[in-house]
Amino acid sequence: MVSAAPPPVSDQPVLRLLNVESAYGPIKAIRGVSLQVRRGEIATVLGSNGAGKTTILKTISGIIDPRRGSIEFKGSDITARDPAFIVQQGLCHVPEGREVFPLLSVRDNLMMGAYTRSDTDGVHKDMETVFGYFPILRERAAQGAGLLSGGQQQMLAISRALMAAPDLILLDEPSLGLSPKLTKEIFEIVVRVNREHGTTILLVEQNANMALNAADYGYVLENGRIVMEDTCANLREKEDIKEFYLGMKETGVRGDRRWKKKKTWR
Ligand SMILES: Nc1ncnc2c1ncn2[C@@H]1O[C@H](COP(=O)(O)OP(=O)(O)OP(=O)(O)O)[C@@H](O)[C@H]1O
Ligand SMILES: [Mg+2]
897 MVSAAPPPVS
907 DQPVLRLLNV
917 ESAYGPIKAI
927 RGVSLQVRRG
937 EIATVLGSNG
947 AGKTTILKTI
957 SGIIDPRRGS
967 IEFKGSDITA
977 RDPAFIVQQG
987 LCHVPEGREV
997 FPLLSVRDNL
1007 MMGAYTRSDT
1017 DGVHKDMETV
1027 FGYFPILRER
1037 AAQGAGLLSG
1047 GQQQMLAISR
1057 ALMAAPDLIL
1067 LDEPSLGLSP
1077 KLTKEIFEIV
1087 VRVNREHGTT
1097 ILLVEQNANM
1107 ALNAADYGYV
1117 LENGRIVMED
1127 TCANLREKED
1137 IKEFYLGMKE
1147 TGVRGDRRWK
1157 KKKTWR
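Under my numbering, read the sequence shown as residues 897 to 1162, first letter to last.
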């Protein structure tokens, strides 16, 4: 993250999924997902409850092994590799529900993010950068992370990922459980991080409005399948998207009914 000028979005994919299929026992959660994330961009996967968004991220970061398909990161095959190996390659996952170490201080949580790094000056500089993005974390640096509010914990979870200075951040529904105001604030910072540091981000979201405004390229996921992909500028203009994800229509791109499930905390 320390690099001065953000590299421009390149055509070269930093991440590539080809026909990835993952299941929980008999339940197929994603069915032949192919997508790519180019270096320097924010890509998003939109989908409602149970569409398979979290499963895609867990499969990329090695928490779940796919049944089929392949995953390439920075040109190397990482399919079904160990999560620790994948983190070391520079891929950081901010899970759904903003997991922080509640008994560690805010500062120590941030240091945990940087545990693979040996460039002490760079780590210090990046700590200052995240405090710049989220001043509340500086104020609470010595406090236990478990005492932070949900929104502050989300800030910490994102910041911890930034401390790893990764090549790619997987961000699972940062808007979950946050007020519209805080959601907007967090998305603005995600975009700033991308623009100012060139950090590549794959964001999965139910909040299509926020995601389509923040991201460059988007995929629409329904029942474990990508049913549409385009630039976010184009997706924002599509009638299906406007009506189903940004509005009131009851059927999805493929005519599936919207699945209204109450969002619960894990
Ligand atoms: N541990 C699990 N065991 C069994 N089934 C699971 C498990 N986790 C997820 N599933 C199922 O896999 C499918 C995809 O779930 P996933 O969590 O990937 O969806 P999601 O798009 O992230 O949804 P949400 O917006 O609610 O977070 C759903 O049908 C879900 O019920
Ligand atoms: Mg999810």
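Yeah, the Cβ is synthetic: ideal placement off N, Cα and C, and Gly gets one too.
Asked	Found
Given a cut-off of 8 Å on the beta-carbon distance, is the pair alanine 1110 and leucine 942 in contact?	no
Start and end of the alpha helix (DSSP H) containing leucine 1078?	1076 to 1093
Enumerate in chain order the residues of its own chain whose CB-to-CB distance from arginine 1132 is below 7 Å, with the five nearest sequence positions on each side excluded.	Leu1108
Counting along the chain, where does the beta strand (DSSP E) carrying leucine 1044 start and finish?	First-last for leucine 1044: undefined, no H or E at that position.
In whole angstroms, give me the CA-to-CA distance for isoleucine 1085 and tyrosine 1029.	7 Å
From what residue to what residue does the beta strand (DSSP E) around glutamate 968 run?	964 to 969
For histidine 1020 and aspartate 1004, I'd like the C-alpha separation in whole angstroms.	13 Å
Give the DSSP bridge partners of glutamine 932, in chain order.	Arg912
Rounded to the nearest angstrom, what separates serine 1071 and valine 910 at their Cα positions?	25 Å
Which residue from Leu1000, Pro998, Met1023 puts its Cα closest to that of alanine 1010?	Met1023
If we count the other Cβ atoms within 10 Å of its Cβ and call it buried at 16 or more, is asparagine 915 buried or exposed?	exposed
Any contact between the segment 955 to 966 and the segment 981 to 992? By contact I mean 3 or more CB pairs, one from each, below 8 Å.	yes
Answer yes or no: the CB of threonine 1025 versus the heavy atoms of ligand 1, is any distance below 7 Å?	no
What does the alpha-carbon distance come out to for the pair glycine 1042 and arginine 994?	11 Å
Below 8 Å between beta carbons: does that hold for isoleucine 952 and aspartate 1112?	no
For the segment 974 to 984 and the segment 927 to 935, state whether three or more C-beta atom pairs, one from each stretch, are separated by less than 8 Å.	no
Between which residues of its own chain and valine 1089 is the CB-CB distance below 6 Å, once the five residues before and five after are set aside?	Thr1095
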